[in-house]
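Structure record follows, encoded as structure tokens.
In our numbering, the protein residues as written are 1 to 530.
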């Protein structure tokens, strides 16, 4: 939002935004620095929301640091700054009441009385809003539970008044009340409404935290599909905010560098002009001119050296920023891997309580599919290349994992592989990994009944303008496991993934079973031979 032509107003909002971002990533020193900068500035055209937000962030930083003295200092300062601006002050009073409740009863009663006077104002939206007032008197689990009905009325009141701020603030309190009573389904409904409100006003930070709460609550209900969806959205939005901040830093550095470079170029041009004038004057006084030329050349050399040094320093800063971005990307892949392993563990725990063989088989197959993606993300954060996967290491790890999962001894079933080392984009490798998972699983389950001994061969080669992936066994042989009408979910998955890759499938069941997948390479492919 632009506040007239006053650059201070814009800068206050920028500092507040940066402070909030740094706080969310637990960079508390930086968050405090930006927030203090915001509150020490003034804006003559209007009163920015960023000042209120910055006082709130300062308070939260000192809560983390357990510094009550500094909390009180900035709470009182914020109160004086916001006094007379009711729409901003009323929410600041929330924090002051909470602070003084167990520390200074006299101050607590003073600010609580002022807050209630606001709610009794005929023009105030808080007049009929009772639940959150009761909540302030007894700010604990008991108070939440006892005032749930009033909080529900408050939310309904704000919805009828189309007061979005009230809906968001009281909605969060109502969410805590539902959680305190283990009313998870109703808590999820509140979070869904809050998501729509946050999206309407593009509150990115609130949206990101709301996704995390939805993930936690869906996990409690056992709806792991929705839980995974929301933790993925949370990580995705967090990543985009990190990229946004890094891009902003890099752009600022580039702008600063280009400006300094142009200034230096102007200086060099001026020096060259002065050098030309000196040469003309040297006709009259060669000795004086020679000394002057030497001096000018020294200045020019020093200026160029300074320019070179500054350029080198700026490049180091940019390189450091890019390295930090890579570290963050590795951390994201690490967390995705951990989340996938967590889901795999949940499936494993669930399987212990099942007796139905079909259900157990379905859970194990689902667990192996999740493991195939977890191995992929594990390889990503362990390598320097964060966008591509090396085929040999990944496929060998995947096949070994499947043999361990089905408790297959290499004394009974041997396996051999011939794998080219190829770096493949993450999206394409996910599909290839799932195809390999299904093909190896089919071979282990059906090719060697009654502990029959046998051999499984896996190849992944690049030939001209295509890649060839094949899984072959010398087992009993089956009908075409991919194109048969009564194919199971795994074979349907193979067909669907092959279609996504624009690949051709070939099945041979004459001597055992051999399934080959031919993947085309176009001129824009990002696949690289190592």
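All C-beta atoms in this analysis are idealised placements derived from N, C-alpha and C, irrespective of residue type, glycine included.
Asked, Found
"Got a sec? Which residues, its chain only, sit under 7 Å from residue 267 by beta carbon, not counting five neighbours each side?", "303"
"Exposed or buried, what is residue 202 when buried is set at 16 or more other beta-carbons lying within 10 Å of its beta-carbon?", "exposed"
"So, with DSSP's three-state summary, where would you put residue 181?", "coil"
"Reducing DSSP to helix, strand and coil, say where residue 414 ends up.", "strand"
"Do you know offhand how far residue 78's Cα is from residue 152's?", "30 Å"
"Distance check for residue 519 and residue 37, CA to CA, integer angstroms please.", "57 Å"
"In whole angstroms, what is the alpha-carbon distance linking residue 423 and residue 154?", "57 Å"
"By the three-class DSSP mapping on this structure, what secondary structure does residue 201 have?", "coil"
"Per DSSP, which residues does residue 463 bridge with? Please list them.", "466"
"Assuming contact is defined by CB atoms lying nearer than 8 Å, are residue 426 and residue 389 in contact in what I supplied?", "yes"
"Measure the alpha-carbon distance for residue 468 versus residue 434 and round it to whole angstroms.", "15 Å"
"What does residue 513 pair with, by DSSP beta-bridge criteria?", "473"
"Rounded to a whole number of angstroms, what is the C-alpha to C-alpha distance between residue 363 and residue 356?", "11 Å"
"Which word fits residue 204, buried or exposed, when buried means at least 16 other C-beta atoms lie within 10 angstroms of its C-beta?", "buried"
"Less than 8 Å between the beta carbons of residue 451 and residue 412, yes or no?", "yes"
"Does residue 316 pass the burial test, meaning 16 or more other C-beta atoms within 10 Å, or should it be called exposed?", "exposed"
"Can you list, in chain order, the residues of its chain with a C-beta nearer than 7 Å to that of residue 493? Leave out the 5 residues immediately preceding and following it.", "434, 438"
"If I measure Cβ to Cβ from residue 81 and keep anything under 8 Å in the same chain, skipping five residues before and after, which residues do I get?", "39, 51, 55"
"Of all the options 44, 103, 358, 111, which has the alpha carbon lying nearest to the alpha carbon of residue 91?", "111"
"Please classify residue 20 as buried or exposed, where buried requires at least 16 neighbouring CB atoms within 10 angstroms.", "buried"
"Is residue 62 closer than 8 Å to residue 70 when the C-beta atoms are compared?", "yes"
"Please list, in chain order, all residues of the same chain as residue 179 whose beta carbon is under 6 Å from its beta carbon, the five residues on each side excluded.", "187"
"If you compare alpha carbons, which of 500, 446, 498 is closest to residue 513?", "446"
"Helix, strand or coil: which one does DSSP assign to residue 502?", "coil"
"By Cβ distance, which residues of its chain are closer than 8 Å to residue 498, with the 5 residues on each side in sequence left out?", "435, 504, 505, 517"
"Give me the Cα-Cα distance between residue 456 and residue 225, rounded to the nearest whole angstrom.", "33 Å"
"Tell me, please, which residues DSSP counts as bridged to residue 37.", "DSSP lists no partner for residue 37."
"Taking the straight line between their C-alpha atoms, what separation do you get for residue 417 and residue 448?", "19 Å"
"According to DSSP, what are the bridge partners of residue 456?", "415, 473"
"In three-state DSSP terms, what is residue 406?", "coil"
"Applying the criterion that 16 or more other CB atoms from any shown protein chain within 10 Å of the CB defines a buried residue, is residue 471 buried or exposed?", "buried"
"In the structure shown, what three-state DSSP assignment does residue 163 receive?", "coil"
"Report all residues from its chain with a CB closer than 6 Å to the CB of residue 15; omit the five preceding and five following residues, and keep chain order.", "34, 37, 38"
"Which partner residues of residue 520 appear in the DSSP bridge assignment?", "466"
"Mapping the DSSP letters down to three states, classify residue 451 as helix, strand or coil.", "coil"
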